[in-house]
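J.:
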């Protein structure tokens, strides 16, 4: 079974596009290879709820100013929901909170991680990434380029929102008189909010379920032994088991689609295949995480992609270590993995 895409026209930046009763699609540009993010605007009685906010840059602010002035029918923003901590989702939340005088809602885990990252100085960030990625085989100019950006996260999420309201697994939000159940995704982020409206089987999935790519599963320097692969797969299976196959999925990237179970099964199979490929490579001779990049990524990687790819390589190696499928050995300060 393939996915079904009910909408093929893209909303222009600064304009809303209706996808369901009281639910509108917004599309903002991103200055990366992944060149857009989908945000969502929900009718809320005499106001609007925003779900995710865009990258904290001037282009996003300009679009929001136009949108707030022209697309909200004169009604105020009542709440701002952030699915997770990544800057393309969190970045404009603080500005919108100040501009609209509306509360921000997110999970405690996402707020804690975002705050922790923001607290690090440029020098601390550079040294953490240099030590961590260097210990996994990234060296020379590439290491300097990846680590040398300093705390780029802080620059695209400021101002951070203040005093967010926390929600978590099992909670629900009432929007426009309808209940949205919260499901939690993990792996891509520690406590990623997904919002499900049972009345018409509608899921705002953020980055947890995307139609054509798998979300990045990155190990961070502050939690070097993390296993986001298992966390991601297990939370995907929980979402699949809880929600119907014909759910209309509203993802953060790509087109809205139906075929939730099919897509989750494909994502689970993809990571099973990657684990098998990495393990097979480590049978020939010990590899570090940098050695594994060509096994997992059959393309040229720019500086930003290289950082994410290293995190994903480490994630799959950590998973194999935890499963007992490879062993890890320190060789002159660099971790090598052998099957």
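Numbering (UniProt numbering), first residue to last: 1 to 339. Cβ atoms here follow ideal geometry from the backbone N, Cα and C, with glycine treated the same way.
1) Give every residue of the same chain whose Cβ lies closer than 8 Å to the Cβ of residue 167, excluding the five residues on either side of it in the sequence, and list them in chain order.
2) Look up residue 169 in the DSSP assignment and say whether it is helix, strand or coil.
3) So residue 40 and residue 52 are in contact, right, with Cβ under 8 Å, and what is the actual spacing, rounded?
4) State yes or no: is the beta carbon of residue 299 nearer than 8 Å to at least one beta carbon in chain D?
5) Thinking C-alpha only, which one of 297, 294, 226 and 209 is nearest residue 259?
6) Quick check on this structure: which residue in 79, 152, 314 and 13 has the alpha carbon closest to the alpha carbon of residue 62?
7) Assign residue 213 to buried or exposed, taking buried as 16 or more other Cβ atoms, counted over all protein chains shown, within 10 Å of its Cβ.
8) If you draw a straight line from the C-alpha of residue 282 to the C-alpha of residue 337, how long is it?
9) Please report the residue range of the beta strand (DSSP E) in which residue 329 lies.
10) For residue 29, which three-state DSSP category applies?
11) Skipping 5 residues on each side, what residues in its chain have a beta carbon closer than 7 Å to that of residue 138?
12) Answer yes or no: do residue 43 and residue 176 have a C-beta to C-beta separation smaller than 8 Å?
13) Measuring only the C-alpha atoms, how far is residue 216 from residue 74?
14) Quick check for students: name the residue ranges of the beta strand (DSSP E) that lie wholly in the stretch 177-254, counting only runs of 3 or more.
15) May I ask which residues mark the beginning and end of the alpha helix (DSSP H) holding residue 310?
16) Taking the C-alpha atoms as reference points, what is the distance between residue 280 and residue 171?
17) My assumption, with CB atoms under 8 Å, is that residue 125 sits in contact with residue 109. Please give the rounded CB distance.
18) According to the neighbour-count rule (16 or more other Cβ atoms, all chains shown, within 10 Å of its Cβ), is residue 123 buried or exposed?
19) Quick one: using the 10 Å Cβ neighbour count with 16 as the cut-off for buried, is residue 247 buried or exposed?
20) If I follow the unbroken alpha helix (DSSP H) through residue 106, where does it start and stop?
21) Counting only the same chain and skipping the five closest in sequence on each side, list residues whose C-beta sits under 6 Å from that of residue 128.
22) State the DSSP-derived secondary structure class of residue 122, mapped to helix, strand or coil.
23) For residue 38, list the residues DSSP reports as bridge partners.
24) Whole angstroms are fine: how far does the CA of residue 308 sit from the CA of residue 297?
25) What first and last residue would you give for the alpha helix (DSSP H) that runs through residue 336?
26) Can you check which of these residues, 229, 190, 157 and 38, is closest to residue 10 by C-alpha distance?
27) Which partner residues does residue 287 have in the DSSP bridge list?
28) With a threshold of 8 Å on Cβ separation, who are the neighbours of residue 288 within its own chain once the five nearest residues in sequence on each side are excluded?
29) For residue 79, does the count of other Cβ atoms within 10 angstroms reach 16, so buried, or fall short, so exposed?
30) By alpha-carbon positions, which one of 69, 270, 240 and 253 ends up nearest to residue 89?
31) In the DSSP assignment, the beta strand (DSSP E) including residue 74 goes from what residue to what residue?
32) Count the other C-beta atoms from every protein chain shown that fall within 10 angstroms of the C-beta of residue 331, then say buried if there are 16 or more, exposed otherwise.
33) Could you tell me the distance, in whole angstroms, from the CA atom of residue 178 to the CA atom of residue 197?
34) So, are the CB atoms of residue 264 and residue 301 less than 8 Å apart?
35) Looking at the unbroken beta strand (DSSP E) that takes in residue 17, where does it start and where does it end?
36) Check the DSSP bridge columns for residue 43 and list the partner residues they point to.
T.: Looking at the coordinates:
1) Counted from its first residue, the chain shown places residue 167 at position 167. For residue 167, where only same-chain residues beyond five positions count, the Cβ hits under 8 Å are 105, 106, 107, 173, 182 and 193.
2) For this step, residue 169 is matched to residue 169 along the chain shown. When DSSP states are grouped into helix, strand and coil, residue 169 belongs to the coil group.
3) Along the chain shown, one-based indexing puts residue 40 at 40. Along the chain shown, one-based indexing puts residue 52 at 52. Between residue 40 and residue 52 the beta-carbon gap is near 7 Å, inside 8 Å, which marks them as a contact.
4) Judged by its chain identifiers, the structure shown contains no chain D, having just a single protein chain.
5) The sequence position of residue 259 within the chain shown is 259, counting from 1. Closest option to residue 259, Cα to Cα, is 209.
6) For the purposes of this step, residue 62 is taken as residue 62 along the chain shown, with counting starting at 1. Ranking the options by Cα distance to residue 62, first place goes to 13.
7) Numbered from 1 along the chain shown, position 213 holds the residue referred to as residue 213. The residue is exposed, with fewer than 16 neighbouring Cβ atoms inside 10 Å.
8) In the chain shown, residue 282 corresponds to position 282, counting from 1. In the chain shown, residue 337 corresponds to position 337, counting from 1. For residue 282 and residue 337, the distance between alpha carbons rounds to 6 Å.
9) Numbered from 1 along the chain shown, position 329 holds the residue referred to as residue 329. Residues 327-331.
10) Your numbering for residue 29 matches position 29 in the chain shown. Three-state result, residue 29: strand.
11) Within the chain shown, numbered from 1, the residue matching residue 138 stands at position 138. So the qualifying residues of the chain are 146, 290 and 310.
12) Here the question's residue 43 lines up with position 43 in the chain shown. Here the question's residue 176 lines up with position 176 in the chain shown. In contact: residue 43 and residue 176 (Cβ atoms closer than 8 Å).
13) Start at 1 with the first residue of the chain shown, and residue 216 comes out as number 216. Start at 1 with the first residue of the chain shown, and residue 74 comes out as number 74. Spanning the two alpha carbons is a distance of roughly 38 Å.
14) 178-185, 192-197, 202-206 and 248-251
15) Stepping through the chain shown from its first residue, residue 310 is reached at position 310. Looking at the DSSP string, the run of the alpha helix (DSSP H) that includes residue 310 is 303-322.
16) On the chain shown, residue 280 is found 280 positions in, with the first residue counted as 1. On the chain shown, residue 171 is found 171 positions in, with the first residue counted as 1. In a straight line, the C-alpha of residue 280 is about 42 Å away from that of residue 171.
17) Residue numbering aside, residue 125 sits at position 125 when the chain shown is read from its first letter. Residue numbering aside, residue 109 sits at position 109 when the chain shown is read from its first letter. Between residue 109 and residue 125 the Cβ distance is about 20 Å, and since that is not below 8 Å, they are no contact.
18) For the purposes of this step, residue 123 is identified with residue 123 of the chain shown, where counting begins at 1. Exposed, by the Cβ-count rule.
19) Counting from 1 along the chain shown, the entry for residue 247 is found at position 247. Residue 247 should be labelled buried.
20) Here residue 106 refers to the residue found at position 106 when the chain shown is read from its first residue. Where residue 106 is concerned, there is no enclosing alpha helix (DSSP H), although the beta strand (DSSP E) it sits in stretches over 104-106.
21) Position 128 of the chain shown holds residue 128. Within the same chain, residue 128 has close Cβ partners 221.
22) As a position in the chain shown, residue 122 is number 122, starting the count at 1. Residue state, collapsed to three classes: helix.
23) Position 38 of the chain shown holds residue 38. According to DSSP, which records beta bridges pairwise, residue 38 is partnered with 27.
24) The residue given as residue 297 occupies position 297 in the chain shown. The residue given as residue 308 occupies position 308 in the chain shown. Approximately 11 Å, taken between the alpha carbons.
25) In the chain shown, residue 336 corresponds to position 336, counting from 1. Per DSSP, residue 336 belongs to no alpha helix (DSSP H); it is in the beta strand (DSSP E), 334-338.
26) Taking the chain shown and counting its residues from 1, the one referred to as residue 10 is at position 10. The shortest C-alpha separation from residue 10 is found at 38.
27) As a position in the chain shown, residue 287 is number 287, starting the count at 1. Paired residue(s): 337.
28) Taking the first residue of the chain shown as position 1, residue 288 is located at position 288. Around residue 288: 136, 137, 334, 335, 336 and 337.
29) By one-based count along the chain shown, residue 79 stands at place 79. Buried.
30) Stepping through the chain shown from its first residue, residue 89 is reached at position 89. Cα-wise, what sits closest to residue 89 is 253.
31) The count along the chain shown starts at 1 and reaches residue 74 at position 74. From DSSP, residue 74 is part of no beta strand (DSSP E); its letter is neither H nor E.
32) In the chain shown, the residue the question calls residue 331 occupies position 331. Classification of residue 331: exposed, given that the 10 Å Cβ count is below 16.
33) Along the chain shown, one-based indexing puts residue 178 at 178. Along the chain shown, one-based indexing puts residue 197 at 197. Rounded to the nearest angstrom, the two C-alpha atoms are 8 Å apart.
34) For this step, residue 264 is matched to residue 264 along the chain shown. For this step, residue 301 is matched to residue 301 along the chain shown. Cβ distance not < 8 Å, so residue 264 and residue 301 don't count as in contact.
35) Along the chain shown, one-based indexing puts residue 17 at 17. Unbroken beta strand (DSSP E) run through residue 17: 17-20.
36) Working through the chain shown from its first residue, we reach residue 43 at position 43. Residue pairing by DSSP puts residue 43 in a beta bridge opposite 48.
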